[in-house]
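Q: Structure provided below as structure tokens; questions to follow.
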Amino acid sequence: MSAPKPQSTWSELITSLKRFWQQLNGKQKALGGAAVALAILIVTGVTINGNTYEAARQAKVEEAAASVGARQQTTAPSTATSDAKPAAPEPTPEATNAPEPVALEEEKDIQAVPEAATADGPEAQAAWDLLDTLEVKGRAPKTGYDRALFGQRWADVDMNGCDTRNDILRRDLTSITVKPGTNGCKVMSGVLDDPYTGYTINFRYGETISATVQIDHVVALSDAWQTGAQQMDATTREAFANDPENLLAVHGPANQQKGDGDAATWLPSNTSYRCTYVGKQIQVKAKYGLWVKQAEKDAMQRVLSNCGAVAPAPVVEEPAPVVEEPAPVAPAPVEQPAQMAPAPVEQAPVEQPAPVAPAQAPYKNCAEARAAGDTPVYSSNPRYAPHLDRDGDGVGCERG
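The numbering of the sequence shown is the UniProt record's numbering, which starts it at 1 and goes up by one.
See the structure below:
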């Protein structure tokens, strides 16, 4: 659009004034002189305003061209290196009355900050194995969820004198400046290599600019509430909300896009960080006894498999081996203690009957009886015989 032109030119104005002047007498000329002066001022003002507008319009055009050129230079891919990270769009800096920031190293009495290792996650295979230990259940109702149930926002749970937000900013940013007199706590500016997008973001403290860098709960508080945090006590929930292992400084818009999503519904656009991101979620859920949903576990395993993790071989149950019963072994003979012979018992002597002399044969004749001096031989004598008793009176060998 061209600038508006003055409504009259100098030549036209002079001609009109001459005609008007010639028609006036004395007093009228005085009045006319004033009118001429006023007309000159009006025309001059119109001319100046027209020129001013044109100059302003030209300045705006040049400013817009310079802005477009600057954006093209910022977003154009670098030919010097393939590692250059894109810069995130930066809002206009806000004026503050804060003291001039100082480098973190210049601030005295700097408090301890979390170890940088807490920004990393377990290796892919270790994360897979740990995932297999988590319980798989459905999502619990979100009923009753409130951010206040996780304690004060950015509390100083580690008692180092700095709130959790500034702890994480000091851990994850580089080229940090801090507000003087805060013992190195309050971060005023720094540079973030955002893990979620790959952007390089220049952070400066302020209501608008601070929103470009936010602190994300890797396992969102709402997701935790629906996977077991309802059963935690208040102290444990506050520790969970301020645990450096579950916190990352990230690109604000990416964090807003994530919301309370789990691995099944949101993953970082920076694909090279996905394995670390999923590994951290598994690590945090295991630490606090939270469960995973089936779709969430499936998504985590897909990510980890792209990083070299493999599922363990299925365990095949083999039948129990048949154990042969050994042949029975005869027990070894038990050696009996030697029996002591009883002392001999003396038997009382048994009186034996007098031996009976064997029966003698009868005498052959009386001469034998007489030789034995056994005459007469009576019938009671065992050697009696009838042939010795001729008269049969029971006495043999009666005669001398």
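Glycine included, each C-beta is placed from N, C-alpha and C at the ideal position.
Measuring alpha carbon to alpha carbon, tell me which residue in Trp-266, Arg-274 and Thr-235 is nearest Thr-304.
A: Here residue 304 turns out to be Leu, not Thr, going by the sequence shown. Out of Trp-266, Arg-274 and Thr-235, Arg-274 has the C-alpha closest to the C-alpha of Leu-304.
Q: Taking its Cβ as the centre, do 16 or more other Cβ atoms sit within 10 Å of Thr-143, making it buried, or is it exposed?
A: Exposed is the call here.
Q: State the Cα-Cα distance for the pair Pro-253 and Thr-212, rounded to the nearest angstrom.
A: The straight-line gap from Cα to Cα measures roughly 7 Å.
Q: Can you check whether the CB of Asp-262 is closer than 8 Å to the CB of Glu-296?
A: Yes, Cβ-Cβ distance for Glu-296 and Asp-262 is below 8 Å.
Q: If contacts are defined as beta-carbon pairs under 8 Å, then Ser-175 and Gly-190 qualify, I think. What distance do you get, rounded to the angstrom?
A: 6 Å between Cβ atoms; contact.
Q: Would you list the residues sitting across from Gln-214 in a DSSP beta bridge?
A: BP columns for Gln-214 point to Val-250.
Q: Buried or exposed for Pro-349, please, with buried defined as at least 16 other CB atoms from any protein chain shown within 10 angstroms of its CB.
A: By the neighbour-count rule (16 or more Cβ atoms within 10 Å), Pro-349 is not buried but exposed.
Q: Measuring alpha carbon to alpha carbon, tell me which residue in Ala-320, Gln-226 and Leu-134 is nearest Tyr-145.
A: Out of Ala-320, Gln-226 and Leu-134, Gln-226 has the C-alpha closest to the C-alpha of Tyr-145.
Q: Got a sec, what are the start and stop residues for the alpha helix (DSSP H) Ser-305 sits in?
A: Ser-305 -> alpha helix (DSSP H) spans 294-305.
Q: Taking Leu-192 as the reference, give the member of Arg-170, Met-232 and Gln-230 with the closest Cα.
A: For Leu-192, the nearest C-alpha among the options comes from Arg-170.
Q: Could you check whether the segment 314-333 touches the segment 266-281, counting it as contact only if at least three pairs of C-beta atoms, one from each stretch, sit closer than 8 Å?
A: Cβ pair count under 8 Å is below three, so no.
Q: Taking Cβ to Cβ, would you say His-217 is nearer than 8 Å to Asn-246?
A: Yes; because the gap between Cβ atoms is below 8 Å, this pair is in contact.
Q: Closest to Gly-138 by CA distance: which of Leu-290, Lys-179 and Asp-167 is it?
A: Looking at the Cα atoms, Leu-290 is the closest of the given residues.
Q: What did DSSP end up calling Gly-190 once you bin it into helix, strand or coil?
A: It is a strand residue.
Q: Based on DSSP bridge pairs, tell me the residues matched to Ile-201.
A: Leu-192.
Q: Taking a contact to mean a Cβ-Cβ separation below 8 Å, would you say Pro-362 touches Arg-390 in this structure?
A: No, these two residues do not count as a Cβ contact at 8 Å.
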